[in-house]
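Be aware that the sequence shown starts at 1, since it is given in this note's numbering, and climbs by one per residue. To start, the structure itself, in structure tokens.
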Amino acid sequence: MKKAVVVFSGGQDSTTCLLWAMEEFDEVETVTFLYGQRHKVEVDCATKIAKDLGVKQKIIQMDVLNQLTSNALTRNDLQIEAEEGRVPNTFVEGRNHIFLSFAAIYAKTVEAHAVITGVSETDFSGYPDCRDEFIRSLNATLNLAMDYNFELITPLMRKDKAEVWEMADQMGRLEYIKENTLTCYNGVMADGCQECPACKLRNDGLVRYLQGEHVS
């Protein structure tokens with residue numbers, strides 16, 4: 001039996017990955033991280049979606065990250081900034097490294113060999129831990145560290161946001177993802193605040209897809 005664990009935030013990308021995984025694997029579970037994020041309502045969103053879709057959810061407390069790094073995603077007193085050519089101050093140092101490592105530990109305990117994450121190096125806002133090179137490196141490290149055959153799977157790695165919307169549409173889930181996910185850094189559901197970098201990326205991709213600017 002093929003079993004997968006999806007790193008799941010309740011946002012557009014991770015929900016798209018979850019729905020994809022449910023088509024590709026016999027059994028799917030999710031891991032959601034509570035790390036002091038300013039948009040922590042995303043955890044409630046993730047819980048609701050997991051219940052909607054009938055998949056098990058494991059919530060892991062990771063607010064220790066707040067003791068190690070300072071960023072606009074975990075501090076409400078910092079204004080979100082995204083200057084061209086620079087990594088946005090929403091970047092949480094080491095987040096994907098830590099999350100994927102903990103997700104892999106959990107995956108081994110439930111005898112899953114696949115760990116799925118929605119990172120992309122096409123629309124990745126400059127985050128270094130969204131690159132394919134990092135994922136492949138970590139995959140090798142995890143296999144050695146736990147003597148277990150993990151496969152870190154990144155269904156969105158080569159897709160921009162228009163292509164992610166297209167993927168959702170092909171699964172018949174575009175409206176579900178549009179209405180039920182939370183991507184906004186300010187914690188606003190669905191179309192979001194329209195102002196933060198995450199909302200702009202998400203909504204620009206949807207507009208481009210609906211206008212037919214992206215063709216497979």
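Glycine included, each C-beta is placed from N, C-alpha and C at the ideal position. Keep in mind that this is a model prediction, so the values were computed, not measured.
Are there 16 or more other CB atoms within 10 angstroms of the CB of D44, so buried, or fewer, so exposed? For the purposes of this step, residue 44 is taken as the residue at position 44 of the sequence shown. Looking at its Cβ environment, which holds fewer than 16 other Cβ atoms inside 10 Å, D44 is exposed.
Go ahead and pull the three-state DSSP assignment for V207. Taking the first residue of the sequence shown as 1, we reach residue 207 at position 207. Of the three classes helix, strand and coil, the one that applies to V207 here is helix, per DSSP.
On the DSSP letters alone, give me the boundaries of the beta strand (DSSP E) that Q12 sits inside. As a working note, residue 12 is residue 12 in the sequence shown. Here Q12 belongs to no beta strand (DSSP E); instead the alpha helix (DSSP H) covers Q12 to E24.
What's the C-alpha gap between G212 and W165? Against the sequence shown, residue 212 aligns to sequence position 212. Against the sequence shown, residue 165 aligns to sequence position 165. Going from the Cα of G212 to the Cα of W165 covers about 11 Å.
Would you call Q170 buried or exposed, if buried means 16 or more other Cβ atoms sit within 10 Å of its Cβ? One-based indexing of the sequence shown puts residue 170 at position 170. Counting Cβ neighbours within 10 Å, Q170 comes out exposed, since fewer than 16 surround it.
Name the one or two DSSP bridge partners that E151 has. The residue labelled residue 151 in the question sits at position 151 within the sequence shown. Paired residues: A114.
Can you tell me where the beta strand (DSSP E) holding E29 begins and where it ends? Residue 29 sits at position 29 when you count from the first residue of the sequence shown. Note, E29: beta strand (DSSP E), E27 to L34.
With 16 other CB atoms within 10 Å as the buried threshold, where does T138 fall? For the purposes of this step, residue 138 is identified with residue 138 of the sequence shown, where counting begins at 1. Inspection of the sequence shows that residue 138 is occupied by Leu rather than by Thr. L138 comes out buried.
Collapsed DSSP secondary structure at K56 in the structure displayed: By one-based count along the sequence shown, residue 56 stands at place 56. Looking at K56 - three-state DSSP - the assignment turns out to be strand.
Any idea if M1 is buried or exposed, counting beta-carbon neighbours within 10 angstroms, 16 or more meaning buried? The residue labelled residue 1 in the question sits at position 1 within the sequence shown. Under this definition M1 is an exposed residue.
Secondary structure at A4, three-state DSSP: helix, strand or coil? Locating residue 4 in the sequence shown gives position 4, counting from the first residue. Three-state DSSP puts A4 in a strand.
Of the listed residues L18, F102, L206 and A50, nearest to F150 (C-alpha basis): Position 150 of the sequence shown, counted from the first residue, corresponds to residue 150. It is F102 whose Cα lies nearest to the Cα of F150.
Please determine, among T109, V110, A114 and D52, the residue with the shortest C-alpha to C-alpha distance to I177. Counted from its first residue, the sequence shown places residue 177 at position 177. Checking every option, the nearest Cα to that of I177 belongs to D52.
When you compare the CB positions of T117 and V28, do they come within less than 9 Å of one another, or not? Sequence index remark: in the sequence shown, residue 117 carries index 117 (1-based). Sequence index remark: in the sequence shown, residue 28 carries index 28 (1-based). It is not a contact, given that the beta carbons lie outside the stated cut-off.
From which residue to which residue does the alpha helix (DSSP H) around M62 run? For the purposes of this step, residue 62 is taken as residue 62 along the sequence shown, with counting starting at 1. From DSSP, M62 is part of no alpha helix (DSSP H); its letter is neither H nor E.
Sequence-distant residues of its chain with Cβ nearer than 7 Å to H97 (five each side left out): Here the question's residue 97 lines up with position 97 in the sequence shown. Around H97: D129 and L138.
For D13, does the count of other Cβ atoms within 10 angstroms reach 16, so buried, or fall short, so exposed? As a working note, residue 13 is residue 13 in the sequence shown. Per the 10 Å Cβ criterion, buried.
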